[in-house]
Amino acid sequence: MKAQWEAVIGLEAHVQLLTQSKIFSPAPNAFGAEPNAQASVIDLALPGVLPVLNRAAVECAIRFGCAVDARIAERSVFARKNYFYPDLPKGYQISQYELPVVQGGSVSCLVSPRPGEPYTKTVQLTRAHLEEDAGKSLHEAFRDQSGIDLNRAGTPLLEIVSEPDMRSSAEAVAYARALHALVVWLDICDGNMQEGSFRCDANVSVRPSGDARFGTRVEIKNLNSFRFLQQAIEHEIARQIELIEDGGQVVQETRLYDPNLDQTRSMRSKEDAMDYRYFPDPDLLPLQVSTDWIERVRASLPELPGAMRTRLTSQYGLGSYDAALLTSSRPLAHYFEAAARGAPDPKAVANWVNGEVSAALNAAGLSIERCPVSPAQLAALLSRVGDGTINQKIAKDVFAALWEAKAESVDAYIDAQGLRQISDAAAIEAIVDQVLAANGAMVAEFKSGKEKAFNALVGQAMKASRGKANPAQVTAILRRRLDA
Amino acid sequence: MLEDRQVSAVELANVFLARIERYRGLNAFLDVRPELTLQQARAADARRARGERGALLGMPIAHKDIFVTRGWASTAGSRMLEGYLSPFDATVVERLAQAGMVCLGKLNCDEFAMGSSNENSAFGNVLNPWDAAAVPGGSSGGSAAAVAARLAPVATATDTGGSIREPAAFTGITGIKPTYGRPSRWGMIAFASSLDTAGLLAASAQDCALVFNSMLGFDARDSTSVQLPEEDYTRALDIDLRGLRIGVPAQFFTQGLQPDVEAAVRAALEQIRQLGASLVEVELPNAPLGIPVYYVVAPAEASSNLSRFDGVRYGHRARTFDDLTDMIKKSRAEGFGPEPKRRILVGTYVLSHGYYDAYYLKASKVRRLIAEDFQRAFQACDVIAGPVTSSVAFNFGEKAADPVSMYLADLFTVPASLAGVPGLSVPCGFGDRGRPVGLQLIANHFDEARLLGVAHRYQLATDWHRRIPAGY
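Sequences listed follow chains F and W, in order.
Numbered per this note's numbering, the first sequence finishes at 1103, counting up by one with no gaps.
Numbered per this note's numbering, the second sequence finishes at 1307, counting up by one with no gaps.
Here it is in structure tokens:
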């Protein structure tokens, strides 16, 4: 972005809550059933039906509110948001308007700008409120007709609204990722973005750097991945700056992001913004949340990612970047801690979990819960590295064997395969002498001043030991022999 | 007679089915299915044969078409729902069926319960059995005409601003709207959710009390349902009126109250006094604001409640249309009659951006003042009494052209609706052109039993409720 412009970004996240049943009906809350198979008479809005609030959805909201240190409203109100759309069965959405259940709070995230140093950003939240999701219109599968699938209608949503605190797409994505990780961490959302469990709208404006007033904002809808979020915001910032620099004005409007074209296009302007005619839903009493309930939920919260990050850095001496990576999900953090308990060097465990283990999981498309190498196995492996039984290179081979289930016990496998590191000086000297004798040309190169040849000789010696020789000893002995 | 098995449920059902057929000209019923009725009657007889007892077992009843029913079409008096069959029964219907009541069919009413004369039904006017030129009242006009003509011993009805009490008064029968929250609204096609209350029309207060015992009670499917233990509504039928304070609000004896109605109501009050009660003056200073408040709140809620009728999933869908939006517009334009359209327009207006505070919010505040008036009045009295309507039943067409004059028919009934307190109408004489007059009794929240007791004592001392219109 050009230096004289500053972007101002706020996000609205729609989080589908992990409840057994829907927010106002007893129909099951699950993705992927046959169209309309999971819509009850309430979801279909048949004549005479009434909503009854699912307390589990409220509990999710309280959990979130406690986790972000927000105020939980003792009394909040469900309102009707009125508009016509074929996949909105009642002709109104039950939502919260003037009095939301969660008010304020904040989420911290680690921003990694490219280029630039990572830094921590705290984003203030405006509110989070409960509402019901709409159904889906299916236009593709029908000729000259539209299909309506109401399975999603009534799915509980927590809409989390941030303050316009973000100043770049990197900050917006970092916040969205942290929020996503948090709601999954709290077990209130499955986090599946392909299935629409976590969706974002972004409010974007630009202003001259240093200006205190906000520019005219544009809302971008339909951002269902972090990549799209980043691209859409970057595109929109560039569009607005270009518009203003060309003498134009930004109009307040809602735009839709098209990931195929990497473009946003206008959906509706402020002039034809809908009048939703909000009013308190007379079918539902105000939601009362007792202090008791809040305290019970607070007591049941797991250790939160922020607190755990701090603890990991102090307890295990990890860097903040490693700690942030390890706390990106609760199972990953648990995996690390379980392995760290049995290994001599927690930093080595962190390096392995964030490096070898994560890479292998990514390559196999597995989540940490399905990792074939248990934390105890990883701990045993790193213990053997720590006490010099094997070196790093062999450790990777053993890890591969564990991963492929060719080995179960680290020690048994090391013994069976004869992988113990050779640290006996006489044995290494014999290997080195053998290598020097067989590679006269390389020795000559080294003597003529080519330092590179030295590394080649180390490699030959390691190869001759089938990787088992202690690399430090090989280097020292080789140096001594050549310098002699 | 059912109790000592002098008559079977099937015989009783046949008697009423024959009367329904004979007096079809009243247009009280919208859907009659004798085979279903007789099936229920046979089931009731079988239960009795197995030794089951119960005052309602085998007793016929008919339901206002605002309650959804599985066996009979549920239309709410609207083209929009012509022929609509619900996959479930309303709680009220279900509870009464469980008690063994036999359903005679569904009763005509103003479209979506919007009206005071039953002239707003898409399926034609209901005639007043007392005088074919007179309206039966509304919106529960079919229920009232059916009970008045003895086509059913009792009928369910709904009251949003007076839709039970006004037709009861116009047809000379007993009608009661219980406390808001006592009857379940599950399965009632919604008009104005914060006001809609299921109740009864019957020949006497005693009958209402008996049916209430099975009809009312907590329902987890309705969030506004009140969680209170089940009650015996007959327990106060032998109430002693001595020492009872009857509050007479000055605000109910002004504003164009017709002399014939006033005379009958004053005579009834005097009779109640002679039975031992004392009459005290009370004030309901904000009651006259009831109509403007009601005609903001009720249309606002209605405009939203009626949004689900869009032709997408059920109900009327236009035959031809350009696109989805056009389909919704045309379906609604064709499906709704003029009164729902008028109220949707008013409701949409009062909720719209920039007007909400001036209308809906202000009305909600005044509504609270009206409710507080009642609480203050009930510190000085036990039951409030006054007229139900300012005049006897008017003629068809008399007010149809002027919606505001029609809305004023609810002047005395709307305050109790806004406050959510129970109200009852008992016949107390006849006025101009020999048309019936009703006495309104209002009690505090959850005091239905006392309300029914006072009405019952009055009915023990009078025979207005026994009068049957000539020819029926």
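Quick reminder that beta carbons are idealized off the backbone N, C-alpha and C, glycines included.
Predicted, not measured: the structure shown is a model, and the values here were computed from it.
{"Asked": "Own chain residues within Cβ distance below 8 Å of N1230(W), not counting five before or after", "Found": "A968, A969, V970"}
{"Asked": "Minimum Cβ-Cβ distance from D763(F) to chain W less than 8 Å", "Found": "no"}
{"Asked": "Below-8 Å beta-carbon distance, V928(W) vs any chain F residue", "Found": "no"}
{"Asked": "Three-way DSSP call (helix, strand, coil) for E853(F) in this model", "Found": "helix"}
{"Asked": "Reduced DSSP category for A876(F) - H, G, I as helix; E, B as strand; rest coil", "Found": "What sits at residue 876(F) in the sequence shown is Tyr, not Ala. If DSSP states are grouped into helix, strand and coil, Y876(F) belongs with the strands."}
{"Asked": "Test item: CB-CB of F1005(W) and A948(W) under 8 Å", "Found": "no"}
{"Asked": "Min CB distance V720(F) to chain W below 8 Å", "Found": "no"}
{"Asked": "Rounded Cβ spacing between L744(F) and A689(F) (contact assumed at less than 8 Å)", "Found": "6 Å"}
{"Asked": "Inter-residue Cα distance where the pair is G867(F) and E814(F)", "Found": "38 Å"}
{"Asked": "Which listed residue (P734(F), V660(F), T739(F)) has its alpha carbon closest to that of T929(F)", "Found": "T739(F)"}
{"Asked": "Chain-ordered neighbours of L903(F) on chain W, where CB pairs are closer than 7 Å", "Found": "S1058"}
{"Asked": "Members of the stretch 654-674 of chain F that neighbour chain W once the beta carbon cut-off is set at 8 Å", "Found": "V660, L663, A664, L665, P666, G667, V668, L669, P670, V671, L672"}
{"Asked": "As assigned by DSSP and simplified to three states, the class of W1022(F)", "Found": "helix"}
{"Asked": "F1065(F) in three-state terms, based on DSSP", "Found": "helix"}
{"Asked": "Classification of Q1275(W) by the beta-carbon crowding that lies within 10 angstroms, buried from 16 upward", "Found": "buried"}
{"Asked": "Contact set for S781(F): own chain, Cβ-Cβ below 6 Å, skip 5 residues either direction", "Found": "G629, L630, V742, L744"}
{"Asked": "Helix, strand or coil at F697(F) [DSSP, three-state]", "Found": "strand"}
{"Asked": "Residue from I987(F), V823(F), A1075(F), I642(F) whose Cα sits closest to the Cα of M1061(F)", "Found": "A1075(F)"}
{"Asked": "As assigned by DSSP and simplified to three states, the class of M1373(W)", "Found": "Since the first residue shown for chain W is 836 and the last is 1307, residue 1373(W) is missing from the structure and cannot be characterised."}
{"Asked": "Stretch-stretch touch, CB-based, cutoff 8 Å, three pairs: the stretch 923-931 of chain W with the stretch 1013-1021 of chain W", "Found": "yes"}
{"Asked": "Nearest candidate by alpha-carbon position, reference S974(W), set S1029(W), D1067(W), N955(W)", "Found": "N955(W)"}
{"Asked": "First through last residue of the alpha helix (DSSP H) which encompasses W804(F)", "Found": "788-804"}
{"Asked": "Nearest candidate by alpha-carbon position, reference R1143(W), set I681(F), Y711(F), G684(F), I691(F)", "Found": "Y711(F)"}
{"Asked": "Short CB-CB distance (under 8 Å) between F923(W) and chain F", "Found": "yes"}
{"Asked": "Beta carbon of D1192(W) nearer than 8 Å to that of S1166(W)", "Found": "no"}
{"Asked": "Residues from the stretch 840-872 of chain F in contact with chain W, defined by Cβ distance under 7 Å", "Found": "none"}
{"Asked": "In DSSP terms, what M1241(W) is bridged to", "Found": "DSSP, once it has assigned bridges, lists no residue as partnering M1241(W)."}
{"Asked": "Straight-line gap, R818(F) to Y794(F) (C-alpha atoms, nearest Å)", "Found": "13 Å"}
{"Asked": "Short Cβ contact (8 Å threshold) for A1312(W) with A990(W)", "Found": "Summary: the structure shown does not reach residue 1312(W), with chain W confined to residues 836 through 1307, and so no result is reported for it."}
{"Asked": "Residues within the stretch 764-778 of chain F neighbouring chain W, beta-carbon criterion of under 9 Å", "Found": "S765, I767, L769"}
{"Asked": "Check: T932(F) C-beta below 7 Å from any heavy atom of the ligand GDP", "Found": "Judged by which ligands are present, the structure shown has none, so any question about the ligand GDP falls away."}
{"Asked": "For F1156(W), the residue or residues it bridges with in DSSP", "Found": "The partner list for F1156(W) (beta bridge, DSSP) is empty, contrary to what the question assumes."}
{"Asked": "Integer-rounded CB distance, given that G773(F) should sit under 8 Å from I661(F)", "Found": "7 Å"}
{"Asked": "Run of the alpha helix (DSSP H) containing D676(F), from where it starts to where it stops", "Found": "In the sequence as displayed, the identity of residue 676(F) is Ala instead of Asp. Here the alpha helix (DSSP H) through A676(F) covers 674-686."}
{"Asked": "Among G1022(W), F1281(W), A848(W), nearest to E1066(W) - alpha-carbon criterion", "Found": "F1281(W)"}
{"Asked": "Among M894(W), G1182(W), G1007(W), Q841(W), nearest to T1297(W) - alpha-carbon criterion", "Found": "G1007(W)"}
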